[in-house]
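Chains as they are written, first to last, in our numbering: chain P, 4 to 476; chain R, 5 to 189.
Even glycine gets a Cβ: it sits at the ideal position worked out from N, Cα and C.
Worksheet for the structure shown next.
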């Protein structure tokens, strides 16, 4: 009985209270609306920060790759400078001053040092013997096979050709002999990458200097050989040629807009408007941007590239708007940012609309090749002339009519806009003619795409990732 | 008129129009709930604001396994409890030994206006008010309430009995006042 009485108490209260409603004031929704906007702005800032970090990381990554590529590519630079700048006499005297012990040691291990003071014919003989003695027979054989025509020339040339192998495995100098050579003659060499090859080439060249009495030319011939070899290695790249590409990109788009002053002033002036409340057009989140088009380019210097092209550019973003443009026949969607003095606006319940801007973009960019190998890294920067094509606003619920405007005097959009471009191109060479690239980057409009008469500014900022399929002619 | 699913989807996308529509549809009921947990109108509005921000923030994770109103009510209650929790720590709830339970008179609540009843509930001490709402109106058991508020089950029961006793006293007092006034008229 007691329990049922107790339950009766609760049920009575539940019936009396549950389901009741108290109408909230409008002020409450405004506060919520404001808080939501702040939260969205915070969210957008986080996204912007993410993309900024992503772009910074990709640039840093490219720089690291470039530095590493430069370091590994630094083959023989020291040798070249040694050969071309260091007085030959010094080398001669160093070679001559080698102690008998050193000479004999070098001779034992087959280095060409042993033959420095001998006649050209002896040198050839000893060199061949020494190589055989060190298990490097195929060095001579391979050199002869590959350069049979050159063997008919002078002694110096012949030696240079024979001892300039294309494969490290063919260079089986004795280790002790090599050490001796470094300390005696080639101590200026510091690069490890092509140490064996460089020592071989320079060593022979210096031997010939002593023998032939034509030091500079001989050193030069050895150097030229190396450069030619390097060029031969890269001959399949077709770097110096023109290229054409198809490209596309997609990414996030932020309008970086300022508040509209004109639309607010329209309410106060009021003759052409029937606005009851403040016109408000708020972006909903981050917009999207995509481009597609074609480009052409050319490598103009060792590491510099110029390129240009034509792209179709589409940028769209959603708005919450509470105003419509009153037309004779129907109400059309509108955002406050685009208000012009001739706008006949009316307020309405908030609705969601999509605002899309289309441009024809003509970019011109310069690129710097940080890494120019099978996988390449390139930094690109430049400007684009964005020719305004059309603005279209569509009510996503379909309640109001679409609004569209082209470029021209009556348009609220500027016909020509200048945009800065910055990006990193990560490329991969599939074969001699086809390359593919991923291009993360930014584009930021230097000027507002809206005319100053609107009282508002929109400077589109885009972070995107592009793709390029390149054909090298 | 949007369907509930359309509203949920719109709110999940951050569509302000959908958020406004959801607010318009449920804010009255939710504000009444907030009034029961709050001490004042200002406090109730604070709870409502905070609650709707949470609802819009997490509606993307709403799986529609429960009814939307149930889910929203739960969020509002949690928001109210979080806002009251600090007070509860400052004034920890203890067992109330001396509870004078009035004999149940035939005092029908239908004689009272909703706003009067709400005022009576709001006048209860913080702990009593919350436990009365959770037990009598929302239908939670004392064990659940004890877990939610990190108190003992006994404390929950005694606080509820105290709330009940206070409400009965208030109802009686109101009735007497009404009778006297009627007689005077």
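Local Cβ density within 10 Å of residue i, reported as buried at 16 or more and exposed below that
i: residue 449 (chain P); result: exposed
i: residue 302 (chain P); result: buried
i: residue 398 (chain P); result: buried
i: residue 183 (chain P); result: At residue 183 (chain P) the pLDDT is 40, less than 50, meaning the model places this residue with poor confidence and gives no usable figure here.
i: residue 379 (chain P); result: buried
i: residue 27 (chain R); result: buried
i: residue 49 (chain P); result: exposed
i: residue 68 (chain R); result: exposed
i: residue 60 (chain R); result: buried
i: residue 458 (chain P); result: buried
i: residue 168 (chain R); result: buried
i: residue 322 (chain P); result: buried
i: residue 265 (chain P); result: Reliability of the predicted coordinates at residue 265 (chain P) is poor, the pLDDT of 43 falling under 50, and the value obtained from them is presented with this limitation in mind. So residue 265 (chain P) ends up on the buried side.
i: residue 76 (chain R); result: buried
i: residue 8 (chain R); result: exposed
i: residue 256 (chain P); result: buried
i: residue 143 (chain R); result: exposed
i: residue 169 (chain P); result: For residue 169 (chain P), the predicted structure reports a pLDDT of 42, less than 50, and the residue's modelled location is therefore unreliable. A value from the coordinates is still provided. Residue 169 (chain P) comes out exposed.
i: residue 14 (chain P); result: exposed
i: residue 55 (chain P); result: exposed
i: residue 367 (chain P); result: exposed
i: residue 78 (chain R); result: exposed
i: residue 41 (chain P); result: exposed
i: residue 46 (chain R); result: exposed
Chain-ordered neighbours of residue i on chain A, where CB pairs are closer than 7 Å
i: residue 19 (chain R); result: Of the protein chains in this structure, namely P and R, none is chain A.
Which residues DSSP lists as bridging residue i, in chain order
i: residue 326 (chain P); result: P:350
i: residue 250 (chain P); result: P:296, P:471
i: residue 144 (chain R); result: Answer by DSSP bridge pairing: none, since residue 144 (chain R) is not bridged.
i: residue 335 (chain P); result: P:328, P:404
i: residue 397 (chain P); result: P:357
i: residue 311 (chain P); result: P:299, P:367
i: residue 286 (chain P); result: P:322
i: residue 372 (chain P); result: P:381
i: residue 291 (chain P); result: P:255, P:319
i: residue 245 (chain P); result: P:301
i: residue 362 (chain P); result: P:391
i: residue 1 (chain P); result: Not covered by the structure: residue 1 (chain P). The range shown for chain P is 4 to 476.
i: residue 386 (chain P); result: P:367, P:423
Contact check, residue i vs residue j, beta carbons under 8 Å
i: residue 41 (chain R); j: residue 134 (chain R); result: yes
i: residue 53 (chain R); j: residue 326 (chain P); result: no
i: residue 25 (chain R); j: residue 11 (chain R); result: yes
i: residue 416 (chain P); j: residue 454 (chain P); result: yes
i: residue 3 (chain P); j: residue 427 (chain P); result: Since the first residue of chain P shown is 4 and the last is 476, residue 3 (chain P) is not available in this structure.
i: residue 409 (chain P); j: residue 253 (chain P); result: no
i: residue 3 (chain P); j: residue 250 (chain P); result: A question about residue 3 (chain P) goes unanswered here, because the residues of chain P that appear run from 4 up to 476.
i: residue 55 (chain R); j: residue 16 (chain R); result: no
i: residue 347 (chain P); j: residue 329 (chain P); result: yes
i: residue 444 (chain P); j: residue 383 (chain P); result: yes
i: residue 334 (chain P); j: residue 349 (chain P); result: yes
i: residue 406 (chain P); j: residue 389 (chain P); result: no
i: residue 360 (chain P); j: residue 394 (chain P); result: yes
i: residue 307 (chain P); j: residue 476 (chain P); result: no
i: residue 20 (chain R); j: residue 27 (chain P); result: no
i: residue 319 (chain P); j: residue 336 (chain P); result: no
i: residue 136 (chain R); j: residue 149 (chain R); result: no
i: residue 51 (chain R); j: residue 80 (chain R); result: yes
i: residue 121 (chain R); j: residue 20 (chain P); result: yes
i: residue 247 (chain P); j: residue 297 (chain P); result: yes
i: residue 24 (chain P); j: residue 123 (chain R); result: no
i: residue 441 (chain P); j: residue 425 (chain P); result: no
i: residue 465 (chain P); j: residue 292 (chain P); result: yes
i: residue 39 (chain R); j: residue 126 (chain R); result: yes
Members of the segment 379 to 390 of chain P that neighbour chain R once the beta carbon cut-off is set at 7 Å
none
Could you pull out every unbroken alpha helix (DSSP H) segment of at least 4 residues lying fully inside the segment 403 to 475 of chain P, listed in chain order?
none
Taking Cβ-Cβ distances below 7 Å as the criterion, which residues of the segment 122 to 141 of chain R are in contact with chain P?
140, 141
Chain R contacts made by the segment 313 to 342 of chain P, where a contact means CB separation under 9 Å
321, 323
Under 8 Å, CB to CB, which of the residues in the segment 49 to 62 of chain R have a partner in chain P?
49, 52, 53, 56, 57, 60, 61
Using a Cβ-Cβ cutoff of 8 Å, what residues of the segment 38 to 49 of chain P are near chain R? List them in chain order.
38, 39, 42, 43
Residues of the segment 445 to 458 of chain P with Cβ closer than 7 Å to any Cβ of chain R, in chain order
none
If contact means a Cβ-Cβ distance below 7 Å, which residues of the segment 391 to 416 of chain P contact chain R?
none
Of all the residues that make up the segment 32 to 45 of chain R, which are near chain P by a beta-carbon distance shorter than 8 Å?
32, 33, 35, 36, 39, 40
Complete runs of the alpha helix (DSSP H) confined to the segment 17 to 82 of chain P [at least 4 residues]:
29 to 76
The segment 144 to 176 of chain R: which residues have C-beta closer than 9 Å to a C-beta of chain P, in chain order?
168, 171, 172
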